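Protein chains in written order, with this note's numbering: chain P, 416 to 616; chain S, 416 to 616. Glycine is no exception: its CB is placed at the ideal position from the N, C-alpha and C atoms. Quick caveat, the model's predicted, so the values are computed rather than measured. Heads up: the structure comes next, in structure tokens.
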DNA sequence: CGATTTTTGAATCATTTAGTTCGAATTACC
DNA sequence: GGTAATTCGAACTAAATGATTCAAAAATCG
């Protein structure tokens with residue numbers, strides 16, 4: 416059993432670290448990195464300024480943590496959508512649908528923290544992280560194609576690598592259009608058509 | 416004939432307006448909007464601060480003008496790539512290749528001002544402009560598909576609207592990967608494969 | 001040359017911003 | 001209850017940033 420919150424001495428925090436981090440994700444997501452001030456974070460997270468610095472460090476450190484947290488959750492949900500026991504076509508559609516619903520979720524900003532805001536951050540560590548995340552996503556789709564070959568859903572000469580890249584490029588396009596304000600309904604339809612496109616008829 | 420530079424009284428400028436605007440495009444392109452300070456622009460454009468304000472207005476006005484100039488040129492080059500007298504397959508490949516070369520051009524930042532930086536600007540006019548630009552791009556590809564139908568290159572029941580959206584989504588994906596640092600060579604290969612993907616075998 | 005027009009460079013102003021400090025508040029431990 | 005530990009809120013500092021002002025410079029026109 417994991418040890419739960421050790422009772423600490425001193426005045427207790429009046430916020431949950433994880434909840435505050437979620438709020439931080441929202442703030443960065445909606446305003447970008449350079450567009451966010453520490454005041455924005457203080458207001459949006461419901462955390463006092465000194466607490467913010469003492470617990471999360473400066474703006475850059477907080478952003479990196481927000482990015483990792485966001486990517487971890489999104490990666491898990493993506494893997495779930497993609498690797499559930501469905502037909503290959505349905506797995507791809509499910510992945511693209513999740514991309515769309517996540518990018519058009521009310522209650523969050525549109526688009527995607529990883530695709531729409533992080534790439535603009537001029538920071539070597541952020542870039543490295545993004546490259547790894549992208550590589551992991553491609554690998555996930557490739558894995559699904561491979562298991563489709565094993566299951567006989569697609570021929571063994573199916574161009575796995577090329578198609579996986581195309582699936583992700585299509586997902587990127589859908590995400591960008593979500594950020595531009597295209598409706599979820601329209602994008603969900605496009606997601607289905609995209610899933611059909613990458614598979615042989 | 417358009418009247419050329421009227422000889423104006425007073426001290427002449429020591430910069431060309433168009434050249435300065437090009438520099439401004441580069442600055443915004445590489446640093447985003449919020450990430451750019453007026454000092455960055457002054458340094459990058461080779462224009463004094465008062466001159467900058469008197470000629471281009473404030474930062475937002477300058478950005479809008481840079482955006483329009485960039486989009487105009489890119490739109491013209493895109494139309495050129497797409498509507499040149501080639502086979503449909505070659506037109507699409509040419510469009511996607513141009514997307515890649517422009518997004519991986521040394522001497523400019525990676526990616527694309529319209530796709531990678533403008534969407535983050537929280538400004539109604541910018542958003543409206545982006546929507547229009549995107550719609551124009553889709554219309555262009557649709558036109559090319561239509562003329563492909565007329566020429567008998569694709570069947571008359573070809574799903575023009577859906578495929579046009581997919582072509583643009585693929586272009587968006589290629590552009591984003593360019594910004595992430597994927598090599599031009601790799602992306603050009605992917606562009607060819609993307610062109611093949613959207614056409615019937 | 002002298003008057004006029006326009007641009008330039010430097011200095012300046014007011015505001016915003018990142019980051020810190022410090023006393024008051026709130027809790028656990030004894 | 002008293003003390004130590006921890007957090008909170010507000011005020012503060014120093015640096016940056018957006019925007020303006022103004023005299024000097026540089027050109028044309030008469």
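- prompt: Is it right to say residue 534 (chain S) is buried, meaning 16 or more other beta carbons lie within 10 angstroms of its own, or is it exposed?
  reply: buried
Continuous alpha helix (DSSP H) assignments of at least 4 residues falling wholly in the region 577-613 of chain P: You should have 599-612.
Where residue 571 (chain P) falls: helix, strand or coil (DSSP): Coil.
query: Which word fits residue 463 (chain S), buried or exposed, when buried means at least 16 other C-beta atoms lie within 10 angstroms of its C-beta?
result: With fewer than 16 other CB atoms across the displayed protein chains lying within 10 angstroms of its CB, residue 463 (chain S) is exposed.
message: Using a Cβ-Cβ distance cut-off of 8 angstroms, determine whether residue 418 (chain S) contacts chain P.
response: Per-residue confidence for residue 418 (chain S) stands at a pLDDT of 42, beneath the threshold of 50, marking its modelled position as unreliable; no derived number is given.
- prompt: Taking only beta-carbon atoms, is residue 583 (chain P) less than 8 angstroms away from chain S?
  reply: yes
message: Please list, in chain order, the residues of the region 525-546 of chain P that have any C-beta partner in chain S closer than 8 angstroms.
response: 526, 530, 531, 532, 534, 535, 537, 542, 545 and 546
field: Minimum Cβ-Cβ distance from residue 595 (chain P) to chain S less than 8 angstroms
entry: yes
- prompt: Interface residues of chain P around residue 609 (chain S) at Cβ under 8 angstroms?
  reply: 581 and 584
query: residue 577 (chain S) touches chain P at which residues, Cβ-Cβ below 7 angstroms?
result: 608
field: Neighbour flag for residue 605 (chain S) against chain P, beta carbons, 8 angstroms
entry: yes
Against chain S: residues of the region 480-493 of chain P by CB proximity under 8 angstroms: none
message: Does residue 627 (chain P) pass the burial test, meaning 16 or more other C-beta atoms within 10 Å, or should it be called exposed?
response: The structure shown does not extend to residue 627 (chain P), since chain P is modelled only from 416 through 616, so no value can be given for it.
task: Determine the chain P residues that contact residue 449 (chain S) at a beta-carbon separation under 7 angstroms, and present them in chain order.
output: 447, 449 and 450
task: May I have the straight-line CA-CA distance separating residue 589 (chain S) from residue 472 (chain P), to the nearest angstrom?
output: Each residue's Cα considered, the two are about 35 angstroms apart.
Same chain, Cβ closer than 8 angstroms to residue 442 (chain S), five either side skipped, listed in chain order: 451, 455, 456, 459 and 460
Span separating the alpha-carbon of residue 448 (chain S) from that of residue 477 (chain S): 11 angstroms
task: Flag this pair as yes or no: are the beta carbons of residue 515 (chain S) and residue 602 (chain S) separated by less than 8 angstroms?
output: yes
query: Is the CB of residue 591 (chain P) under 8 angstroms away from at least one CB in chain S?
result: yes
task: Note down, in chain order, each residue of its chain lying with its Cβ closer than 8 angstroms to the Cβ of residue 599 (chain S), except the 5 sequence neighbours on either side.
output: 515, 516, 519 and 593
task: Under 7 angstroms between beta-carbons, which chain S residues line up against residue 587 (chain P)? List them in chain order, please.
output: Per Cβ cutoff of 7 angstroms: 587, 588 and 591.
query: Out of curiosity, what's the CA-to-CA distance linking residue 572 (chain S) and residue 492 (chain S)?
result: Going by the C-alpha atoms only, they are around 29 angstroms apart.
- request: Go to residue 489 (chain S), then tell me how far its alpha helix (DSSP H) extends in each direction, as first and last residue.
  value: 474-498
Span separating the alpha-carbon of residue 563 (chain S) from that of residue 613 (chain S): 13 angstroms
task: Assuming residue 548 (chain P) and residue 529 (chain P) form a contact by the criterion Cβ under 8 angstroms, report the distance between their Cβ atoms to the nearest whole angstrom.
output: 6 angstroms
- request: Pull up the distance between the alpha-carbon of residue 420 (chain P) and that of residue 430 (chain P), whole angstroms please.
  value: Because residue 420 (chain P) sits at a pLDDT of 46, beneath the cut-off of 50, its placement in the model cannot be relied upon, and the following sentence gives the value as read from the coordinates. Using only the alpha carbons, I get a separation of about 14 angstroms.
query: Is residue 448 (chain P) helix, strand or coil by DSSP?
result: coil
message: So, at 6 angstroms on beta carbons, what are the nonlocal neighbours of residue 597 (chain P) in its own chain, with the 5 sequence-adjacent residues on each side left out?
response: none
task: With DSSP collapsed to three states, give me the class of residue 502 (chain P).
output: coil
query: Cβ of residue 559 (chain P) within 8 angstroms of Cβ of residue 498 (chain P)?
result: yes
- prompt: Among the residues of its own chain, which have a CB less than 7 angstroms from the CB of residue 605 (chain P), if the five just before and after it don't count?
  reply: 589
task: List the residues of chain P that residue 555 (chain S) touches, going by C-beta distances under 7 angstroms, in chain order.
output: Near residue 555 (chain S) there are no residues of chain P at all, since even the closest Cβ is about 16 angstroms away, more than 7 angstroms.
query: Taking just the CA atoms, how far does residue 482 (chain P) sit from residue 437 (chain P)?
result: 10 angstroms
message: Just verifying my parser: in three-state terms, what is the DSSP assignment at residue 537 (chain S)?
response: coil
query: For residue 563 (chain S), which three-state DSSP category applies?
result: helix
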